Amino acid sequence: THDPMCRFVAGLVALRKRHPSLRRRRFLTGRPRQDEDRPDIAWQGADGQPPRWEATEDACLGFTLARVAADEADLCALLNMGVEGRGFRLPNLPGRAWYLVLDTGRPPGADWVPDQEQVPLQRDEIYLQAHSLVVLEGR
């Protein structure tokens, strides 16, 4: 059955629709927009520090997209491309909290967290299964 795959793709479409930051018409620069103090995109490694681009053995990468609309949540994607699970430090988000939206380390059909089940994360680190992607919204 293709039901889990259809749900997964439908979730991706819904995520894109609710995030204008995923539909930008300009290239990301890593610098703040005129009306913001945060960069349009910030890259990080699992330790929360800027990634070591030259380190080919690093199998973790994350990025945070700053919101472009006042009513939009920031978006954070964390990728563990390694063969083992590992902790990932969450980006600092003053005055707001991160909410788990998607975790591909969960079984198919349970990877998307329904809106009514999303709760603010109470920690500064999240665990990613091997070969997985986690998407968080900052609200």
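Last residue of the sequence shown? That's 249 in the numbering used here, and every number before it is there in order.
C-beta atoms are modelled at their ideal positions from N, C-alpha and C, and glycine is treated no differently.
Owing to the predicted nature of the structure, the values given are computational and were not obtained by experimental measurement.
Query, Result
"When you compare each of Arg-148, Tyr-237, Val-245 and His-241 to Gln-228 by their alpha carbons, which one comes out closest?", "Val-245"
"Threshold first: 4 residues or longer. Then list the alpha helix (DSSP H) segments lying entirely within the stretch 168–193, N to C.", "none"
"Distance, Cα to Cα, Arg-117 vs Val-123?", "10 Å"
"Given a cut-off of 9 Å on the beta-carbon distance, is the pair Leu-238 and Asp-221 in contact?", "no"
"Opposite Ala-152 in the DSSP bridges: which residues?", "Thr-174"
"In whole angstroms, what is the alpha-carbon distance linking Glu-235 and Leu-188?", "11 Å"
"State buried or exposed for Val-193, treating a residue as buried only when at least 16 other CB atoms are found within 10 Å of its CB.", "exposed"
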